[in-house]
Amino acid sequence: NDFIADDGLVKMDGGKVILPNVIRAVEIARQRGILVVWVVREHNPLGRDVELFRRHRYSPGKVGPAVKGSRGAELVDGLVIREGDYKLVKTRFSAFFATHLHSFLQGAGVDSVQTPNCIRQTAFDAIALDYQPVTVVVDATAAATPDVHAANIVDMKNFGIATATLQEWSERVADA
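Be aware that the sequence shown starts at 1, since it is given in the UniProt record's numbering, and climbs by one per residue.
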C-alpha cells in the first residue's frame, strides 16, 4: 500500500496503472503451474533495516514506509498470496540481497526469474547468480516516470535481460 495507494508514504506514480497486468501475470502463472514468489518490503519500526538514505523517514512515534504490521506494508487490494505461493520479505532493493531467495529458488528447481518489483537490482543480481533466462514483464512494472522506466528497460536489455509484454510472456510460458 505504501508504494501504490493514494495515501501511500512513498507512492510511485504508475503503480496503479500496472496493477491489472500484475494480477493477470499472477493468474497466468498459477494456471500454468508456475511458482509465484511474492517479494515484499517489511521494515523495523525504527528503520534499522532500511537503506541509510531512507532512515530519516523512521523515528519513534512515526510509522515509516512498509513497517511490519502496518497498513502500508500490506499488499494492495487485488494482490493475494494463496496457498502454494511463497512470500519473501526483503529490506533492500534486490530480493537476493540478505535473503534466502537464491537457496529457495535452487531448492525449488527454478533456474530462471521473472521479477516485477525493484526489477533492476534483482534482475542484475539474478544475472550475476547465473539465472537464465531472466525476464522482466515490462507492462507489469513501472517507475517514477515513463522515461525512467524506458531507460531501465533499455539498460536491462543491454545486460542480456529478456523483456516481454504480458501478452508475449503469456505466450512464451504457454509454449514451455
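Heads up, the beta-carbon is just placed ideally off N, CA and C, and yes, glycines get one too. Bear in mind that the values here come from a model prediction, so they are computed numbers and not experimental data.
Per DSSP, the bridge partner or partners of residue 32: The count along the sequence shown starts at 1 and reaches residue 32 at position 32. In the DSSP output, where bridge partners are listed per residue, residue 32 has none listed.
Residue 116 in three-state terms, based on DSSP: Against the sequence shown, residue 116 aligns to sequence position 116. In this prediction, residue 116 has a pLDDT of 47, which is less than 50 and means its spatial position is unreliable; nothing more can be read from the coordinates.
Classification of residue 116 by the beta-carbon crowding that lies within 10 angstroms, buried from 16 upward: Taking the first residue of the sequence shown as position 1, residue 116 is located at position 116. Bear in mind that a pLDDT of 47 at residue 116, under 50, signals an unreliable position, so the number given afterwards is only what the model happens to contain. Counting Cβ neighbours within 10 Å, residue 116 comes out buried, since at least 16 surround it.
Continuous beta strand (DSSP E) stretch holding residue 41: start and end: Locating residue 41 in the sequence shown gives position 41, counting from the first residue. Run containing residue 41: 37-41, per the beta strand (DSSP E) assignment.
First and last residue of the uninterrupted beta strand (DSSP E) at residue 162: For this step, residue 162 is matched to residue 162 along the sequence shown. Its beta strand (DSSP E) spans residues 162-164.
Backbone secondary structure at residue 88 - three-state DSSP: Locating residue 88 in the sequence shown gives position 88, where the first residue counts as 1. In this structure, residue 88 counts as strand in the three-state DSSP scheme.
Cβ shell of residue 87 (< 6 Å), same chain only, five flanking positions each side left out: Working through the sequence shown from its first residue, we reach residue 87 at position 87. If we look at residue 87 and ignore the five residues flanking it on each side, its Cβ neighbours are 38 and 81.
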